[in-house]
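I have placed the structure first, in the form of structure tokens, so that the comments after it can refer back to it.
Numbering (full-length UniProt numbering), first residue to last: 1 to 388.
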């Protein structure tokens, strides 16, 4: 029986080419990869164009096109060139954007260390870390360049996948040498995931959004594994000594609650939920106050107050949020106020407003008293960096 053939797709994705099947060329994900849940990636358009031109031309270039004024020399080691990949222009663009725009947009004053030479030297020498950093840069461009947003977002996902694959393959142990890049990787990965959930919401249901947020929250909580007591002292003696000291000053654990968190705790305790659940929510509210204090003391571009709460909140709270327990959702709406204070940053955008309004609609009018402050905050000015 003759072998079945199919019409070749010259511009199909790399995965379909590898599987020798026809690609429908839908972007960012073709139908084959979507149905089989595979990673879908297309060749760089410049590479395709160059390949197309070379395949159409079967005759060598005329000798007269090469001027004698330019001496042409063969490389001393021609085989070494074939072993070295050409410059990836996308990665060059992403690195330029990273060092000139992305890092500076996320750091100011006490967090300006992100772009310090000694930190960047570690970044470029650690494969999983540089992949994640470039993924963050691509995510940044997907937001500030909406006309090419899907293209950059797709590459952000691919680079993050590469970073995680490298990280998982190496099975790194936390030690004196690896703890700093692991800490940086965890922090950037956490920011990336939080941004992707808040900004790239797409047209999903409330249930789907909460599922995505809980996955992000559990990832953030996992950062504590990297900064456990066994490695904390080592980190404090590393190149991150100064920023960690500054962060410790911002995140002072003061159990005294402000009026908003104190009012929320009174409502929780009055609901008679039982000692165990009340204790979980009390811890989440205390962590929220710590993050609020950090946000109010920091500069406009310092995101520690936003990224702090997901790291220090308990795994038990995350489980209650996954079950969409009303009190857990109300606490999340109060955290969304901190997000709303940072709405001027591309990393969070209108994510805070979206959370507050979505939770209010989901719970309905009977929870209006619990959600009074989050909803009121939507019409109030920013309270950060001396602004009021």
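Glycine included, each C-beta is placed from N, C-alpha and C at the ideal position.
All figures in this text were calculated on a predicted structure; none of them were measured in a lab.
Minimum C-alpha distance to residue i - residue among the options
i, options, result
"residue 106", "342, 310, 334", "342"
"residue 210", "321, 373, 91, 18", "321"
"residue 212", "368, 378, 318", "318"
"residue 217", "258, 284, 237, 13", "284"
"residue 241", "139, 180, 41", "180"
"residue 353", "178, 94, 153, 376", "376"
"residue 27", "137, 96, 144, 148", "148"
"residue 186", "177, 167, 306", "167"
"residue 351", "378, 104, 150", "378"
Whole-angstrom distance between residue j and residue i, CA atom to CA atom
i, j, result
"residue 316", "residue 329", "14 Å"
"residue 274", "residue 362", "24 Å"
"residue 220", "residue 339", "16 Å"
"residue 334", "residue 169", "39 Å"
"residue 355", "residue 102", "25 Å"
"residue 371", "residue 205", "21 Å"
"residue 155", "residue 196", "13 Å"
"residue 373", "residue 99", "38 Å"
"residue 125", "residue 119", "10 Å"
"residue 191", "residue 182", "14 Å"
"residue 14", "residue 122", "32 Å"
"residue 381", "residue 160", "35 Å"
"residue 325", "residue 359", "11 Å"
"residue 214", "residue 117", "35 Å"
"residue 131", "residue 87", "15 Å"
"residue 152", "residue 23", "21 Å"
"residue 294", "residue 286", "13 Å"
"residue 223", "residue 239", "19 Å"
"residue 389", "residue 177", "The structure shown has nothing for residue 389, since the chain only spans 1 to 388."
"residue 96", "residue 136", "12 Å"
Within 8 Å, strictly: CB atoms of residue i and residue j
i, j, result
"residue 310", "residue 194", "yes"
"residue 290", "residue 312", "yes"
"residue 331", "residue 267", "no"
"residue 327", "residue 262", "no"
"residue 280", "residue 314", "yes"
"residue 347", "residue 303", "yes"
"residue 139", "residue 91", "no"
"residue 128", "residue 163", "yes"
"residue 199", "residue 308", "no"
"residue 21", "residue 32", "yes"
"residue 40", "residue 29", "yes"
Assigned secondary structure, residue i (DSSP; H/G/I helix, E/B strand, else coil)
i, result
"residue 20", "coil"
"residue 363", "helix"
"residue 295", "helix"
"residue 324", "coil"
"residue 38", "coil"
"residue 148", "helix"
"residue 241", "helix"
"residue 344", "coil"
"residue 212", "helix"
"residue 382", "coil"
"residue 121", "helix"
"residue 12", "coil"
"residue 303", "coil"
"residue 25", "coil"
"residue 33", "helix"
"residue 126", "coil"
"residue 154", "helix"
"residue 204", "coil"
"residue 371", "coil"
"residue 218", "helix"
"residue 318", "helix"
"residue 178", "coil"
Any chain B beta carbon closer than 8 Å to residue i
i, result
"residue 87", "Among the protein chains of the structure shown there is no chain B, as only one such chain exists."
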